[in-house]
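Numbering (the numbering used here), first residue to last: 31 to 607.
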């Protein structure tokens, strides 16, 4: 057996602990014919599996409500209602009476339901696809006598390393951070959303471990190194001791970093930058505020939605946004409207699309589902009375999308005024520059917005035609490609010419070498993972802006991303001494 699995570093940190395998995928089911005399027994077995699944979901719902609250627990209500659906039960029994094994009968019915719901023109039916998939997995696991794993089904205090093929945002949001202390996945890259969430939650993570589930049995002790991107299986006593020494060293370094995090982000030649924090869920706001960040540069609101049984209402959203604004003392808080679609699926699912990252997502979905969008906009306008809240629109490619949003905001202002609730009608509106179209035509957007933010994760993906979630393409996904650097420089120049702020809020802004490059490109606002604030400030305080500018100019003139990265690294090392 392999003793070391090598993947892609996704979130820094070292953990020693037992492995917990999560195989959350629909299992393969063979075609099994039963005798006439076994039909009643097979129906009884099916009923027993459904009842066990109900009991399991009720248990999970009660535990989740006790640990996280009723809103998070509501995710299980839709799945319970599916199991109570009479048509589902009748259809499965009808196939069993045709001499089909219970597991294959249920498999056929659920596949038909999932396909039917995915093609539906009704959003509420499409939204149930993810819940149907979870029910499909759960009941088949019972019928096939497979382990009935759940992402939250780990004893508290076990300090477990969760290993799975992939972890969707909805599953990640269910993780109990009091028992799961690290994540390893077979799929994904450093900019996949599981990696972003892991960094945001402070969980060490390694992605792209392609052989993990075939090599591991579960229960064995392992060392996960999120900095190096390795998983050491069944380590020796010496390896465990070395890992624990490194953990102690990291804790000692953390004291130095905490002091650095509170320092001013000013270069050696006196250029000041603004460093804000990325926030994924409201519960992270206090940790973000303690990180040394000057407000929030990006709150990803879709994580209020993914994995939910129903959309959060206006009041729930208002409370969430207010919590983040108040955590930062009323300082600048940039909240991005829903960027659902792609690999972030709302309230259980989305219609299947051949190219989801190019499909019905983000601002496109919001404008088409205007009533859903207006609920969010009203909540944002209300939360803005508590501080400097700003609204940012994702995946904008044309100024028409900005103007349509302004019309919806005007309607929300009228509705809130009629209800006589406190709100602001002068909330700044900005856009994310995430596509080559938006970057090249940035001058057509800046006249209608108050600020722009470069979303480097998607911009790099679309610019290089490289799927950022594909582990096979990870080496080709690089923000140091000269074309990417030149485009970012163009956006910054356009913003400066029109007197509006330009921020970088993708994962690129959290990487020390990229910070040096962005400083050289003229960027003066960064939004980073809270844990990265200290390291980002260390780079800023250790270099001169004019040296960074010369290095960035030379990098843009390089022929390849590799040449540009080597050049920037050499110049940064020379500058830091």
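Each residue gets a CB set at the ideal place from its N, CA and C atoms; glycine is no exception.
Residue i - DSSP class collapsed to helix/strand/coil
{"i": "residue 308", "result": "strand"}
{"i": "residue 235", "result": "strand"}
{"i": "residue 378", "result": "Residue placement at residue 378 is poorly supported in this model, since its pLDDT is 42, which falls under 50; the coordinates still yield a value, given next. Note: residue 378 maps to coil in three-state DSSP."}
{"i": "residue 572", "result": "helix"}
{"i": "residue 363", "result": "strand"}
{"i": "residue 372", "result": "With a pLDDT of 49 at residue 372, under the threshold of 50, the predicted position of this residue should be treated as unreliable, though the coordinate-derived value follows. Reduced to three states, the DSSP call for residue 372 is coil."}
{"i": "residue 321", "result": "coil"}
{"i": "residue 255", "result": "strand"}
{"i": "residue 246", "result": "coil"}
{"i": "residue 241", "result": "coil"}
{"i": "residue 214", "result": "strand"}
{"i": "residue 4", "result": "Since the displayed the chain opens at 31 and closes at 607, residue 4 lies outside it and no answer follows."}
{"i": "residue 89", "result": "helix"}
{"i": "residue 476", "result": "helix"}
{"i": "residue 428", "result": "coil"}
{"i": "residue 593", "result": "helix"}
{"i": "residue 130", "result": "strand"}
Residue i and residue j closer than 8 Å at C-beta
{"i": "residue 63", "j": "residue 173", "result": "no"}
{"i": "residue 162", "j": "residue 112", "result": "yes"}
{"i": "residue 16", "j": "residue 563", "result": "The chain is shown from 31 up to 607; residue 16 falls before or after that span and cannot be answered."}
{"i": "residue 440", "j": "residue 314", "result": "no"}
{"i": "residue 404", "j": "residue 438", "result": "yes"}
{"i": "residue 273", "j": "residue 261", "result": "no"}
{"i": "residue 566", "j": "residue 573", "result": "no"}
{"i": "residue 547", "j": "residue 582", "result": "yes"}
{"i": "residue 140", "j": "residue 110", "result": "no"}
{"i": "residue 306", "j": "residue 323", "result": "yes"}
{"i": "residue 304", "j": "residue 555", "result": "yes"}
{"i": "residue 191", "j": "residue 335", "result": "no"}
{"i": "residue 127", "j": "residue 69", "result": "yes"}
{"i": "residue 39", "j": "residue 259", "result": "yes"}
{"i": "residue 224", "j": "residue 206", "result": "no"}
{"i": "residue 597", "j": "residue 543", "result": "no"}
{"i": "residue 352", "j": "residue 370", "result": "no"}
Alpha carbon of residue i to alpha carbon of residue j, nearest angstrom
{"i": "residue 308", "j": "residue 333", "result": "13 Å"}
{"i": "residue 169", "j": "residue 79", "result": "6 Å"}
{"i": "residue 408", "j": "residue 525", "result": "28 Å"}
{"i": "residue 379", "j": "residue 342", "result": "With a pLDDT of 45 at residue 379, under the threshold of 50, the predicted position of this residue should be treated as unreliable, though the coordinate-derived value follows. Approximately 15 Å, taken between the alpha carbons."}
{"i": "residue 397", "j": "residue 368", "result": "11 Å"}
{"i": "residue 489", "j": "residue 503", "result": "16 Å"}
{"i": "residue 467", "j": "residue 427", "result": "6 Å"}
{"i": "residue 159", "j": "residue 552", "result": "45 Å"}
{"i": "residue 189", "j": "residue 431", "result": "46 Å"}
{"i": "residue 71", "j": "residue 65", "result": "10 Å"}
{"i": "residue 376", "j": "residue 208", "result": "Unreliable positioning characterises residue 376 in this predicted model, as indicated by a pLDDT of 47, which lies under 50. A coordinate reading is not provided."}
{"i": "residue 85", "j": "residue 275", "result": "44 Å"}
{"i": "residue 591", "j": "residue 484", "result": "19 Å"}
{"i": "residue 410", "j": "residue 244", "result": "46 Å"}
{"i": "residue 222", "j": "residue 33", "result": "26 Å"}
{"i": "residue 280", "j": "residue 463", "result": "36 Å"}
{"i": "residue 609", "j": "residue 116", "result": "Lying before the first or after the last residue shown, residue 609 is absent from the chain, which here runs from 31 to 607."}
{"i": "residue 550", "j": "residue 580", "result": "7 Å"}
{"i": "residue 487", "j": "residue 498", "result": "8 Å"}
{"i": "residue 74", "j": "residue 55", "result": "25 Å"}
{"i": "residue 227", "j": "residue 516", "result": "29 Å"}
{"i": "residue 356", "j": "residue 514", "result": "36 Å"}
{"i": "residue 325", "j": "residue 331", "result": "16 Å"}
{"i": "residue 317", "j": "residue 560", "result": "7 Å"}
{"i": "residue 53", "j": "residue 164", "result": "12 Å"}
{"i": "residue 302", "j": "residue 575", "result": "10 Å"}
Cβ distance (whole Å) where residue i is taken to contact residue j below 8 Å
{"i": "residue 216", "j": "residue 240", "result": "5 Å"}
{"i": "residue 429", "j": "residue 478", "result": "5 Å"}
{"i": "residue 519", "j": "residue 457", "result": "Their Cβ separation, rounded to whole angstroms, is 29 Å, which puts residue 519 and residue 457 out of contact at 8 Å."}
{"i": "residue 57", "j": "residue 197", "result": "Not confirmed; about 18 Å, so no contact."}
{"i": "residue 42", "j": "residue 234", "result": "6 Å"}
{"i": "residue 237", "j": "residue 219", "result": "6 Å"}
{"i": "residue 360", "j": "residue 418", "result": "7 Å"}
{"i": "residue 476", "j": "residue 530", "result": "6 Å"}
Beta-bridge pairing of residue i - partner residues as DSSP gives them
{"i": "residue 460", "result": "422, 481"}
{"i": "residue 44", "result": "255"}
{"i": "residue 261", "result": "35, 254"}
{"i": "residue 302", "result": "296"}
{"i": "residue 532", "result": "482"}
{"i": "residue 50", "result": "192"}
{"i": "residue 557", "result": "306"}
{"i": "residue 139", "result": "Paired residues: none, contrary to the question."}
Residue i at chain E interface by Cβ criterion, 8 Å
{"i": "residue 534", "result": "In the displayed structure, chain E is absent; only one protein chain is listed."}
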